[in-house]
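Per UniProt numbering, the very first residue in the sequence shown carries number 1; after that it's consecutive. Note that beta-carbon positions come from the ideal geometry of N, C-alpha and C, so glycine has one too. Because the structure is a prediction, the values reported are computed rather than measured.
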Amino acid sequence: MLLDYIPPELRRPTGRRKRGRRGGIRNRLRRRHTRPPLPSIILSNVRSLNNKIDDLRTHARYCSDFREASLMCLTESWLQPNAPDSLFEINGFTLTRLNRDANSGKCKGGGICVYINDLWCRQFTVKEALCDSNVEMLCLTPRPFYLPPARLRWLQPLSRTRCTDFYKNILTHLP
Numbered sequence: 001m002l003l004d005y006i007p008p009e010l011r012r013p014t015g016r017r018k019r020g021r022r023g024g025i026r027n028r029l030r031r032r033h034t035r036p037p038l039p040s041i042i043l044s045n046v047r048s049l050n051n052k053i054d055d056l057r058t059h060a061r062y063c064s065d066f067r068e069a070s071l072m073c074l075t076e077s078w079l080q081p082n083a084p085d086s087l088f089e090i091n092g093f094t095l096t097r098l099n100r101d102a103n104s105g106k107c108k109g110g111g112i113c114v115y116i117n118d119l120w121c122r123q124f125t126v127k128e129a130l131c132d133s134n135v136e137m138l139c140l141t142p143r144p145f146y147l148p149p150a151r152l153r154w155l156q157p158l159s160r161t162r163c164t165d166f167y168k169n170i171l172t173h174l175p
């Protein structure tokens, strides 16, 4: 039956509902605030996080979409390895980053920052960090408070063959 897949806290209560309160599964999901059934992810190409960190902190404090996001993934952070993490911390989020190194063959730009919401997940492991001339990749395995019983890996079907083979090779080594 379809109701077996809906968590008990989202099902309609059996008792009488108070007057003036909106019903429906959508409104019950909104009342759960920081524990949505699926993670919400914000992905952005920031092109230098140094001059945008104040805006990001403001959004994380006052905008509910940013404040309740499970992950904020920022590409092209352009951070230097000698810059301390304390300059880029956001209250309520844990920072993990991968800077472009000299081994990549490129000297400017690049870098990945991932902010993980503390209300969604406090435990995570870095499975792989790769900085190559073609790809920068940071693989994290979060352990959220609510873990759905499914696993999904998606690979874009229209990507180039060389990149597809590269990603398939990496994904086969991940658990």
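How would you call residue 128, buried or exposed, if buried means at least 16 neighbouring beta carbons within 10 angstroms? Here residue 128 corresponds to residue number 128 of the sequence shown, with the count starting at 1. Flag for residue 128 reads exposed.
Ignoring anything shorter than 3 residues, give me the beta strand (DSSP E) runs that lie fully in the stretch 81 to 156, in order along the chain. 93 to 98, 112 to 117, 121 to 131 and 136 to 144
Short of 8 Å in beta carbon distance, which residues of its chain neighbour residue 140, apart from the five on each side in sequence? Order them along the chain. On the sequence shown, position 140 is the one that residue 140 refers to. Closer than 8 Å at the Cβ level, and outside the excluded window around residue 140, lie 96, 114, 116, 124, 125, 126 and 127.
Please name the residue or residues paired with residue 44 in a DSSP beta bridge. Sequence index remark: in the sequence shown, residue 44 carries index 44 (1-based). Its beta-bridge partners are 74.
Looking at the unbroken alpha helix (DSSP H) that takes in residue 60, where does it start and where does it end? If you number the sequence shown from 1, residue 60 lands on position 60. 53 to 62 is the extent of the alpha helix (DSSP H) around residue 60.
Let me know the secondary structure DSSP gives residue 171 once reduced to three states. The count along the sequence shown starts at 1 and reaches residue 171 at position 171. Three-state result, residue 171: helix.
If you measure between the beta carbons of residue 111 and residue 89, is that distance less than 8 Å? Position 111 of the sequence shown holds residue 111. Position 89 of the sequence shown holds residue 89. In this structure, residue 89 does not lie closer than 8 Å to residue 111 by Cβ.
Are the Cβ atoms of residue 121 and residue 84 separated by less than 8 Å? What you label residue 121 is simply residue 121 of the sequence shown in a count that begins at 1. What you label residue 84 is simply residue 84 of the sequence shown in a count that begins at 1. Contact flag unset, no.
Take residue 138 as the anchor and find which of 53, 56 and 99 has the nearest alpha-carbon. One-based indexing of the sequence shown puts residue 138 at position 138. Of the candidates 53, 56 and 99, the one whose C-alpha sits nearest the C-alpha of residue 138 is 99.
For residue 56, count neighbouring C-beta atoms within 10 Å of its own C-beta (all shown protein chains included) and say buried if the count is 16 or more, exposed if not. Counting from one through the sequence shown, the residue named residue 56 turns up at place 56. Burial call: buried.
Going by the CB atoms, is the gap between residue 69 and residue 41 shorter than 8 Å? As a working mapping, residue 41 is identified with position 41 in the sequence shown. As a working mapping, residue 69 is identified with position 69 in the sequence shown. Cβ atoms of residue 41 and residue 69: closer than 8 Å.
Own chain partners of residue 47 with C-beta closer than 6 Å, once the 5 adjacent residues on each side are dropped: Residue mapping note: residue 47 aligns to position 47 of the sequence shown, counting from 1. Closer than 6 Å at Cβ, skipping near neighbours: 76.
Kindly list the residues whose CB is nearer than 6 Å to the CB of residue 142, restricted to its own chain and excluding five residues on each side of it in sequence; keep chain order. Here residue 142 refers to the residue found at position 142 when the sequence shown is read from its first residue. Here the set comprises 121 and 124.
CB-CB length for residue 74 against residue 44, believed under 8 Å: Within the sequence shown, the letter at position 74 stands for residue 74. Within the sequence shown, the letter at position 44 stands for residue 44. About 6 Å; that satisfies the 8 Å criterion.
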